[in-house]
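Each residue of the sequence shown is one higher than the one before, starting from 560 at the first, in the working numbering.
These notes concern the structure reproduced below.
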Amino acid sequence: MSNESSAAPAAMIWDEAALKRLEAIPGFVRGMAKSKIEKAAQAAGETKVTVEFMDANKAKLMG
Numbered sequence: 560m561s562n563e564s565s566a567a568p569a570a571m572i573w574d575e576a577a578l579k580r581l582e583a584i585p586g587f588v589r590g591m592a593k594s595k596i597e598k599a600a601q602a603a604g605e606t607k608v609t610v611e612f613m614d615a616n617k618a619k620l621m622g
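Written as structure tokens, this is what we have:
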């Protein structure tokens with residue numbers, strides 16, 4: 560039986576500056592932060608994670 564609904568969404572594209580900012584996040588929470596940022600970007604209809612997106616959504620992402 561196939562369970563396609565549990566498949567992970569495709570990974571988002573990250574621009575270089577956003578990746579650098581992600582790398583500055585402590586390793587023990589980086590994976591969770593990346594997942595949360597990518598989900599927010601996908602929900603907003605973004606195809607790429609940018610520093611501008613991260614800045615504009617900082618309050619939502621930190622909450």
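We treat Cβ as the ideally placed atom computed from N, Cα and C, and that holds for glycine.
The alpha helix (DSSP H) enclosing residue i, as first and last residue numbers
i	result
G586	586-602
A618	617-621
Close beta carbons around residue i, own chain, < 8 Å, minus the five adjacent residues each side
i	result
V610	D574, A576, A577, R580
M613	A577, R580, I596, L620
I572	T606, K607, V608
Those residues which DSSP pairs with residue i across a bridge
i	result
K579	Paired residues: none, contrary to the question.
V608	W573
Spatially closest choice to residue i from the options, by CA coordinates
i	options	result
A618	K607, G604, T606, K595	K595
Contacting residues, own chain, Cβ-Cβ under 7 Å from residue i (five flanking each side not counted)
i	result
S561	Any answer about S561 is weak, because its pLDDT of 44 lies below 50 and its placement is not dependable; what the coordinates show is given next. Contacts found: none.
K593	L581
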